[in-house]
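Participant:
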Amino acid sequence: DATSMRTVTPMESLRQVLQNLPLFEQLYHGNAYNDILSNIPHQNYVAEGENFYAVVTTENVDDDAGRRAGLEEEKGSFLYSSPRLRPIFVLVRTEEADTRYTVSAKGKKSLFKALGIQCPPLASAKFTKLSSTAEVEQALAEFERSTQPQPRMKVGLLLVKPSQRVDDEFFANKEGSIYYDEFLNFLGEHIILKGWDRYRGGLDVENDSTGKKALYTKFQDVELLFHVSTLLPFDHEDMQHLERKRHLGNDVCVIVFVDTASAVDAQLLGEGKPVPRALLEMEPYFDPEWISSHFTHVYYVVAVDFRETNRTGVTHYRIQTLNKPGVEPYAPFFTQFPIPKSDDGRKLLLNKLISAQLVGMKAPLFYGQRTRTALLNEIRKLAAKN
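Sequential numbering from 889 applies to the sequence shown in this note's numbering.
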């Protein structure tokens, strides 16, 4: 069949990937306690079993309390007014992760039994109720703030030129080609830092000490502030450019824009001009070993695909992600075809970037195993005071 054997075009591949993009809500679970449970009648427990313990928060399963609270069934809500068997929203915190469950129950016994089916370690656990004190509520709120990713992300953006191989050279770049500027404008908007009242990603918004401008965007309710190397202050006397390295070196994910166009005469570039042959033959390359950063776990390498750009008349990008050990694979996967500078292309690029940031934060260095354990133990001690 000729139709079934037809080669899938890059644009068709792009549409297929876009149709299967994970929603941000699937990647970022929000604040289950601070945004939901703390605002409704709820109960907190410490559940302990053999080599296992958890801190559990449930909707209030007391029928009378539920009726008194006047909970009304709403679309997309976990709240139901029926005093009979009803779905109960439960948050279980362990040393490894937070897990959400919805179980059907009409009282505590049926709740614990149903929860034990979904989470087997809880089936034989002993539940100790935590008192509803300000100390307990504050500890639970602080645990969530300290261990859960928030919908605000700072991302590095480093300009690399083809002949450069040392990080001191990367951070010495003050400007790139028109294609670099085009990529910045495609990615976000340039903002004036002084007086900026939204997410600032650790940059100074009062005295211009971290530069006068930055790059910012909001995508799927996620605020992204980019630490752009060429927008950070440049100190002629600092040959190592430590101030620039300080910001990007503390970013989990860094976009590396390999600016191959900077290798040719700028007068040969521009709208309506043919792509120079040298760019059609040049292969962009970046090695993460060229940068020394204990913190950065994902390098998001971007370069203009000049062959596709020349063929279509629309700028296209090639994307490659380089991950340190401990970073799990993350969707969407699209390295087999170029990404156009279009609304769909931007959606794909930013979705991958957010996925990279969220998954990168789960690497052993950041995941906060010690923090989780320490904070859970503090809550566990509160149960002993009961």
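Beta carbons are placed, not taken as given, at the ideal position from N, Cα and C, and that holds for glycine.
All values derive from a computational prediction rather than experimental measurement.
Could you confirm whether any beta carbon from chain B is found closer than 9 Å to the beta carbon of K1240?
Facilitator: In the structure shown, chain B does not exist; there is a single protein chain.
Participant: Use the C-beta contact count for A1011: other C-beta atoms within 10 angstroms, 16 or more gives buried, fewer gives exposed.
Facilitator: It is exposed - the Cβ of A1011 has fewer than 16 other Cβ atoms within 10 Å.
Participant: By how many angstroms is the C-alpha of T1105 removed from the C-alpha of L1075?
Facilitator: Cα to Cα, the separation comes out at about 8 Å.
Participant: On a Cα-Cα basis, can you pick out the residue from L1113, P1121, I1079 that is closest to T1098?
Facilitator: It is P1121.
Participant: Between W845 and L1167, what straight-line distance do the alpha-carbon atoms span, to the nearest angstrom?
Facilitator: Outside the displayed span of the chain (889 to 1274) sits residue 845, for which this structure offers no information.
Participant: Hey, is the stretch 1128-1137 in contact with the stretch 1159-1174, meaning 3+ C-beta pairs nearer than 8 Å?
Facilitator: Output reads no: the stretch 1159-1174 does not touch the stretch 1128-1137.
Participant: Tell me the residue span of the beta strand (DSSP E) that contains H1078.
Facilitator: Note, H1078: beta strand (DSSP E), 1077-1080.
Participant: Which residues mark the beginning and the end of the alpha helix (DSSP H) in which K1001 is found?
Facilitator: Start and end: 996-1006.
Participant: Within this structure, are the beta carbons of S1019 and L1270 separated by less than 9 Å?
Facilitator: Their beta carbons are under 9 Å apart, which means S1019 touches L1270 by this criterion.
Participant: May I have a chain-ordered list of the beta strand (DSSP E) segments no shorter than 3 residues that lie completely inside the stretch 1230-1262?
Facilitator: Taking only runs of at least 3 residues, no beta strand (DSSP E) segment lies wholly in the stretch 1230-1262.
Participant: Exposed or buried, what is T1259 when buried is set at 16 or more other beta-carbons lying within 10 Å of its beta-carbon?
Facilitator: Looking at its Cβ environment, which holds fewer than 16 other Cβ atoms inside 10 Å, T1259 is exposed.
Participant: If we ignore side chains and look at the alpha-carbon of each, how far apart do L1157 and Q1026 end up?
Facilitator: Each residue's Cα considered, the two are about 58 Å apart.
Participant: If you draw a straight line from the C-alpha of A1029 to the C-alpha of Y921, how long is it?
Facilitator: Taking the straight line joining both Cα atoms gives about 7 Å.
Participant: Is H1281 near A1251, with beta carbons less than 9 Å apart?
Facilitator: An answer regarding residue 1281 cannot be provided, because it is not within the stretch 889 to 1274 covered by the chain.
Participant: So within the stretch 1016-1051, which uninterrupted alpha helix (DSSP H) runs reach at least 4 residues, ignoring any that extend past its ends?
Facilitator: The stretch 1016-1051 contains these whole alpha helix (DSSP H) runs: 1022-1035.
Participant: Please report how far the alpha carbon of L1091 lies from the alpha carbon of L1081, in whole angstroms.
Facilitator: Those two C-alpha atoms are separated by around 8 Å.
Participant: Touching or not, the stretch 1145-1155 and the stretch 1062-1073, by the rule of three or more beta carbon pairs under 8 Å?
Facilitator: With a cut-off of 8 Å, the stretch 1062-1073 and the stretch 1145-1155 count as touching, because enough Cβ pairs lie within range.
Participant: My output table needs one value for T1098: the three-state DSSP class, helix, strand or coil.
Facilitator: Three-state result, T1098: coil.
Participant: Flag this pair as yes or no: are the beta carbons of L1045 and S998 separated by less than 9 Å?
Facilitator: Contact: no.
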